[in-house]
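Heads up: the sequence lines are chains A and B, in that order.
According to this note's numbering, the residues represented by the first sequence are 2 to 470, in order.
According to this note's numbering, the residues represented by the second sequence are 334 to 468, in order.
Since the structure comes first, as structure tokens, the remarks are kept for the end.
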Amino acid sequence: MPLERNQERNRGASTPTAAAKARVFLPWIGLLSVPVAAVAAMLAEGSAAAWMIGAGCAALAYCATAFCMPSMGGASEDDEDDERPAVAAKAAVGQGGSLAAAAAKDVLLRAIEVRSTERTAILDALADGVILVDLHGETRFANKAAGAMLGENATVAGTRDAIGALPPQVLRAVQAVVEAGGTERRRLEAELRDHGSTPVVIHVGVVRGHSESLAAIMVRDVRSEREADRMKSEFVAKASHELRTPLASLRAYAELLADGEVGDDAQRREFAGIILSETNRLGALVDRMLDIGRIESGMARATLESVDFGELGRQCVEEQQGEANRRMIALKLSRAERAAVAQADRPLMKQVILNLLSNALKYTPDGGEVSLEIDTDNLARAVVVSVKDNGLGIPEHALPRLFGKFYRVENHERIAKGTGLGLNLCRNIVEAMHGGQIGVDSKVGVGSRFWFAIPMDQSARDQTARKAA
Amino acid sequence: MNMQDFTSDRVRILVADDEAYILQVVALKLRNAGFEVLTAYDGEEALATVRSYGADLVVTDLQMPGLTGIALARAMASDPKLAGIPIMMLTARGHLLHEGEADSANIARVVQKPFSPRALLEEIEALLAERRRAA
């Protein structure tokens, strides 16, 4: 362990007199307290990661350096961040007694040991790898995360294993920053030569001591950031596609009308109707994207009130009855005898039920059956709303992606138009805004049952949240 | 598939898109310009149509259920009877095809959605003229 080696080194460097010991130890005890306190504060605030990338680099590196370079530091001996060992040492010097000096030495060593353990624990708690190397790339210190990233050998002090496991440009950066000195820092994007070619961001900063300069290398695994970037790009590409499709219709039909390429009034009315329909589609798409964005960013809040789901279900069925009649679909409402009442946002609940009913009607052939069932689950203390149909059904492979953004089941696209965002919005409303659950059971050729459950009260809501966590 | 005017000697263009409105507007524009137009709602239908009836040009959407526009183009490129038919790709993906994707599947032109039917017609006429000169 580097720490043990350093403690040995510290002990070896101590002199027979308490005064000399005080001169050696006091400056760095005081100096170490500053960066470590900063790291601890940042960790407590949960912002250590961001801080490390910036100006904190040097402080952390200093902290690591202190383990192996006890004589380092430019502050004066007047620095007294931790006064207890210093007072003890000064008292010992004042008394001049050998017993007092020995006691002071013990106090100092214990203080150093405690501090060193604390600082190692802090550095080992970091998710980023922290490595301190000299100009030749020899390791002076490496934390646990560095070992996990580069292999356990990388943490062995006095070897070049850590630098050897890093991409070659890191050593060049180390040499450059050490030679340049001052506040020189380098940022590199690279891939580790491990099994997965892990993408990393590496920061190299200089740590200037009395006798030599060292480089602090911090390695951050950026796989999750890259994955987030990939998902963001995928969302933008899908959103772009979905927005461009109705726009393409709008532009094309408007141009034909403007160019007078229409046969008669009937065709002119048909084109105007298509423009109107595609404008509505575009508007609905933008509204849903904004709604989902607001919910996901935490900006949307549910306005809770006591909602009678039986009554709400009756209203929803009434609204969809016209479409059901037109398609000769039997639309039924089934309500539990006991009251199905929960604290919820009424307009949002209505939006979810209407969305599920509308989907069921879209994908059920003419003459089929759709039913809305309102029930309660006494065990889970939740209102359960189900929409059943005997329509096309959904292939098993599509079920896990069904509530994702812009996902449309193959071959369903040509049956009915949709934004591909409706179910995602329903999931956000039910789960993110109400602490409920949403799901689907389906079989191709038999039909589907979409359901959602809303906790009846706050304690049930908390229980659901705990289960979800 | 629409086989209107199928027996004529006019230049025959197959249009494939799963968006009915786009299919309708492109077909109308091309018919108004004097072309014979066949239509298909997806890649599989387009492939079956071009195999059965042939075409002088295929205008296809990129993203379609089942056989995509790229898969259709590749299937045509690997069929000696269809490999010479130029393909024009319509895409709403918001970016161009990946590098080499168009070349490997003999895609002559890529047109971004939303597009101008007027500009599309000009592109088609230019492409057909180019092919006639090369023949």
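Virtual Cβ for every residue (Gly too), placed ideally from N, Cα, C.
Check the Cβ-Cβ distances between residue i and every residue of chain A, and say whether any is below 9 Å.
i                      : result
residue 451 of chain B : yes
residue 399 of chain B : yes
residue 379 of chain B : no
residue 469 of chain B : Residue 469 of chain B lies beyond the stretch modelled for chain B, which goes from 334 to 468, so this question has no answer here.
residue 447 of chain B : yes
So what's residue i in DSSP terms, helix, strand or just coil?
i                      : result
residue 352 of chain A : helix
residue 389 of chain B : coil
residue 288 of chain A : helix
residue 440 of chain A : strand
residue 332 of chain A : strand
residue 345 of chain B : strand
residue 474 of chain B : Beyond the ends of chain B as shown, which are 334 and 468, falls residue 474 of chain B; an answer cannot be given.
residue 450 of chain B : helix
residue 250 of chain A : helix
residue 423 of chain A : helix
residue 118 of chain A : helix
residue 389 of chain A : strand
residue 423 of chain B : strand
residue 307 of chain A : strand
residue 206 of chain A : strand
residue 380 of chain A : coil
residue 395 of chain A : coil
residue 400 of chain B : coil
residue 99 of chain A  : helix
residue 418 of chain B : coil
residue 340 of chain A : coil
residue 371 of chain A : strand
residue 272 of chain A : helix
residue 301 of chain A : coil
residue 458 of chain A : coil
residue 412 of chain B : coil
residue 394 of chain B : strand
Kindly indicate if chain B contains any beta-carbon less than 9 Å away from that of residue i.
i                      : result
residue 235 of chain A : no
residue 256 of chain A : yes
residue 470 of chain A : The predicted position of residue 470 of chain A is uncertain, since its pLDDT is 48 and thus under 50; a value taken from the coordinates is nonetheless stated next. No, residue 470 of chain A does not count as interfacial toward chain B.
Just to confirm my understanding: we take residue i, look at its own chain, exclude 5 residues before and 5 after, and list those with CB closer than 7 Å. What are they?
i                      : result
residue 308 of chain A : 342, 343, 345, 347, 350
residue 353 of chain A : 427, 430, 431, 453
residue 263 of chain A : 257, 269, 272
Could you pull out every residue in the same chain whose Cβ sits closer than 6 Å to the Cβ of residue i, ignoring the five residues on either side in sequence?
i                      : result
residue 446 of chain A : 394
residue 378 of chain A : 385
Leaving out five residues before and five after residue i in sequence, what residues of the same chain have Cβ atoms less than 8 Å from its Cβ?
i                      : result
residue 346 of chain B : 363, 368, 369, 370, 371, 388, 389, 390, 391, 392, 457
residue 311 of chain A : 336, 337, 340, 341, 375
residue 355 of chain B : 394, 423, 446
residue 343 of chain B : 367, 368, 369
residue 182 of chain A : 207, 209, 214
Is residue i near the ligand COA, with its Cβ less than 8 Å from a heavy atom?
i                      : result
residue 398 of chain B : No copy of the ligand COA appears in this structure; indeed no ligand is present at all.
Would you list, in chain order, the members of the region 242-253 of chain A that have their beta-carbon closer than 9 Å to a beta-carbon of chain B? Answer in chain order: 242, 243, 244, 245, 246, 247, 248, 249, 250, 251, 252, 253.
Could you name the residues of the region 260-292 of chain A whose beta carbon sits closer than 8 Å to any beta carbon of chain B, in the order they occur along the chain? When CB distances to chain B are screened at a threshold of 8 Å, the residues of the region 260-292 of chain A falling below it are 260, 262, 275, 279, in chain order.
Those runs of the alpha helix (DSSP H) which lie wholly inside the region 132-201 of chain A and span at least 4 residues: Correct list: 145-151, 162-166, 169-181.
Cβ-based contacts, 9 Å cut-off: residues of the region 348-370 of chain B near chain A: Listed by position, the residues of the region 348-370 of chain B near chain A (Cβ gap below 9 Å) are 351, 352, 353, 354, 355, 357, 358, 359, 361, 362, 365.
Pick out the complete beta strand (DSSP E) segments inside the region 212-267 of chain A, 3 residues or longer, and give them in chain order. Within the region 212-267 of chain A, the beta strand (DSSP E) runs of at least 3 residues that lie entirely inside it are, in chain order, 214-222.
Taking the runs of the alpha helix (DSSP H) that are 4 residues or longer, which of them lie wholly in the region 361-385 of chain B? As for any alpha helix (DSSP H) of minimum length 4 sitting wholly inside the region 361-385 of chain B, there is none.
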